[in-house]
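Residue numbers (my numbering), protein chains in the order written: chain R, 1246 to 1570; chain S, 1246 to 1570.
We treat Cβ as the ideally placed atom computed from N, Cα and C, and that holds for glycine.
Since the structure is predicted, the reported quantities are computational estimates derived from the model, not experimental observations.
First comes the structure, then the notes that go with it.
As structure tokens, then:
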């Protein structure tokens, strides 16, 4: 058995091939293949990693059992249509049966990584934030994931924007003092905080870069800054509300479901504790898993692939994979 | 006497010339001359309107008493240096004594338009928001004006972003239902609200365009939508907090100062009532003026010019000017 799992995002397309014993047979990367790009750019990124994987392993297309693609941005009808078109064309070009190709939103991949396919909810908080759940009837619901402009409450991008706002309010005297004022001055190398306006509005902001400010917030919070602590606590509550909302819509409030956080924001002790607290109070029978942080993004499409060929996976398997990926 | 008042923003540079009796002698426009542009672009915009005004009136540079420029974005040290450089060069090119040229932040211009130069605070809420105050000792303070990414609480841009967020929360089930969901679907011509993601993230957002959503919020609020009402009330409170903060920093909490709102957001009855309520409670001796809405942006540089030549202006003069501008 050979499966190829792909994670295709804005900046990178990563792929691994896995055998029966869940050994990683190859690991390759190409440029970004997120759905914001043209069909040809995406197609090339996907083709490149698949062809390179086959070359490394010395296999042919017929030897592959499943190819699973996890896609960021697969939010709207327009993107679903685009993704289907690309997958159909990919099947034609590499001459593989369409039935061997699966794709889904990277939030669904995260859901699989957290729950191994059991009823439950995964809450993802990296640069953006989204919750995705599936109940015993296979029904799905999502919450948040509206991007940095509209929402993504609790994400690193959201924490960064909250921090900038809190610092501006402190500077003006409209809000409580916070050590973020000085941290942000240092970070942006300005003498007067107001001069960050030159940096922020010179060109359209890139939320991926701004999101890094969340690390400063975490550091200041651990150092005792009350404003930073409150931002992180609010992040934890928003992320938990996300999970609870999904559970409610799927009729799982009183079910023994699996709930877990995924992504860098959960590395904050404060976020994580607040998240657990709200989940425990609202979803009393839920099993809250330890957050998945680090290189988990390929775990989802791997489990999606295994589920396509009806192969069960255990928590021990996941631990093995997480070490190898 | 002839004064020329200029208002130089991102999309337009407007100018009027005024005589002794405050008659408008000419009115001209050119392309934007905001400080985000290159020196030459700004210089050309300023030169064009000044030269055109002189041509219309049939006067020479020597006949001009004052030229006052009101500039958006004059927030940071870098922009102050740029503006000074441009004004010095402008004086050289049109051969006018540097002392006849004045320039300032458009928030200062708004302050003059509201207070006629008396101690007080102007709170501006258009696309962005800022409060600017001056006390009896001539000391200045500002609050907010951090732009749509960081703050600008209470502005039309802020109201628009709050509305998008509230609609997303209602759609998910994370927040109370709001009629904004359907208004935004109609506005963006999408069947499913989630499809606004295609619109919002296809290219960098322009806050000037987004800010127009504030009108929908006002309409839904007047139609009874509780979520919209709360957004506008919060806007009013934030704008009032802005004024109170400035008054506090200038030691004017218990002084008989003039406080007034400027800009399109104050055309909302709900914003305006909430603003007045907080101001009356916090600045008990303040005289709250009726908001200046509409074509007030040249009033500031006109009053700045008159103040430069020590000419007093009355509220009757202002009413006359507001009708003519």
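Legend entry - Nearest-angstrom Cα separation, counted from residue 1438(S) out to residue 1277(S): Cα-Cα distance, rounded: 35 Å.
Legend entry - residue 1454(S) - containing alpha helix (DSSP H), residue span: Bounds of the alpha helix (DSSP H) holding residue 1454(S) are 1452 to 1455.
Inset, instruction - Quick one: which residues of the segment 1370 to 1398 of chain R get their C-beta closer than 7 Å to a C-beta of chain S? List them in chain order. - result: 1388, 1389, 1391, 1392, 1394, 1395 and 1396: these are the residues of the segment 1370 to 1398 of chain R whose beta carbon lies less than 7 Å from some beta carbon of chain S, given in chain order.
Inset, instruction - Apply the 10 Å Cβ neighbour rule to residue 1307(R) and answer buried if 16 or more other Cβ atoms are within range, or exposed otherwise. - result: exposed
Inset, instruction - Please confirm if residue 1527(R) has its CB atom under 8 Å from at least one CB of chain S. - result: No, no contact with chain S.
Legend entry - residue 1440(S) at chain R interface by Cβ criterion, 8 Å: yes
Legend entry - Residues that DSSP places opposite residue 1388(R) in a beta bridge: Within the DSSP bridge table, the entry for residue 1388(R) names 1376(R) as partners.
Inset, instruction - Within the segment 1409 to 1467 of chain S, note down every full alpha helix (DSSP H) run reaching 4 residues or more, in order along the chain. - result: 1425 to 1433, 1441 to 1445, 1452 to 1455 and 1458 to 1467
Legend entry - Every unbroken alpha helix (DSSP H) within the segment 1502 to 1562 of chain R, with a cutoff of 4 residues, ordered by chain: 1514 to 1527 and 1544 to 1553
Inset, instruction - Output the distance between the C-alpha atoms of residue 1295(S) and residue 1315(S), rounded to the nearest integer angstrom. - result: 14 Å
Legend entry - Which of helix, strand or coil DSSP assigns to residue 1478(S): Residue 1478(S): helix per DSSP, three-state reduction.
Inset, instruction - Buried or exposed for residue 1513(R), please, with buried defined as at least 16 other CB atoms from any protein chain shown within 10 angstroms of its CB. - result: buried
Inset, instruction - Could you name the residues of chain S that residue 1485(R) contacts, counting a contact when the two beta carbons are closer than 8 Å? - result: Under a criterion of Cβ atoms nearer than 8 Å, no residue of chain S is adjacent to residue 1485(R); the nearest Cβ is some 11 Å distant.
Inset, instruction - May I have a chain-ordered list of the alpha helix (DSSP H) segments no shorter than 4 residues that lie completely inside the segment 1299 to 1356 of chain S? - result: The segment 1299 to 1356 of chain S contains these whole alpha helix (DSSP H) runs: 1322 to 1339.
Inset, instruction - Might you give, ordered along the chain, the residues of its own chain that have their beta carbon closer than 6 Å to the beta carbon of residue 1301(R), omitting 5 neighbours on each side? - result: 1271
Inset, instruction - Run the CB neighbour count on residue 1207(R), radius 10 Å, all protein chains shown included, and call it buried at 16 or more, exposed below. - result: For chain R, the structure presents residues 1246 to 1570; residue 1207(R) sits outside this window and is missing.
Inset, instruction - On the DSSP bridge assignment, give the partners of residue 1257(R) in chain order. - result: 1276(R)
Legend entry - Neighbour-count burial assignment, residue 1529(S), 16 or more Cβ in a 10 Å radius: Counting Cβ neighbours within 10 Å, residue 1529(S) comes out exposed, since fewer than 16 surround it.
Legend entry - Residue of 1390(S), 1376(S), 1398(S) and 1419(S) minimising C-alpha distance to residue 1397(R): Cα-wise, what sits closest to residue 1397(R) is 1419(S).
Legend entry - Where residue 1443(R) meets chain S, residues with beta-carbon distance less than 8 Å: 1321, 1323 and 1324
Inset, instruction - Return no unless some Cβ of chain S is closer than 8 Å to the Cβ of residue 1410(R). - result: yes
Inset, instruction - Answer yes or no: does any C-beta atom of chain S fall closer than 8 Å to that of residue 1277(R)? - result: no
Legend entry - Distance CB(residue 1317(S))-CB(residue 1349(S)) smaller than 8 Å: no
Inset, instruction - Would you mind telling me which residues of chain R sit closer than 7 Å to residue 1417(S), beta carbon to beta carbon, in chain order? - result: Under the 7 Å cutoff, chain R gives 1388, 1389 and 1490.
Legend entry - Euclidean distance between Cα positions of residue 1562(R) and residue 1267(R): 8 Å
Inset, instruction - Pull up the distance between the alpha-carbon of residue 1279(R) and that of residue 1395(R), whole angstroms please. - result: 20 Å
Legend entry - Neighbour-count burial assignment, residue 1526(S), 16 or more Cβ in a 10 Å radius: exposed
Legend entry - Range of the contiguous beta strand (DSSP E) that encloses residue 1370(S): From DSSP, the beta strand (DSSP E) with residue 1370(S) extends over 1365 to 1370.
Legend entry - C-beta neighbour in chain S for residue 1493(R), strict 8 Å: yes
Legend entry - Proximal chain S residues relative to residue 1413(R), where beta-carbon distance stays under 8 Å: 1389, 1391, 1395 and 1396
Inset, instruction - In angstroms with no decimal places, state the Cα-to-Cα distance between residue 1553(S) and residue 1401(S). - result: 33 Å
Inset, instruction - Return the bridge partner residues of residue 1263(R) from the DSSP annotation. - result: 1248(R) and 1269(R)
Inset, instruction - Give me the Cβ distance between residue 1548(S) and residue 1365(S), rounded to the nearest whole Å; I'm assuming they're in contact under 8 Å. - result: Incorrect: roughly 13 Å between the Cβ atoms, too far for contact.
Legend entry - Contact under 8 Å by Cβ, residue 1378(S) with residue 1386(S): Note that the C-beta distance between residue 1378(S) and residue 1386(S) is below 8 Å.
Inset, instruction - Using alpha carbons as the reference points, say which of 1474(R), 1354(R) and 1464(R) lies closest to residue 1544(R). - result: 1354(R)
Legend entry - Proximity below 8 Å, CB of residue 1539(S) to CB of residue 1517(S): no
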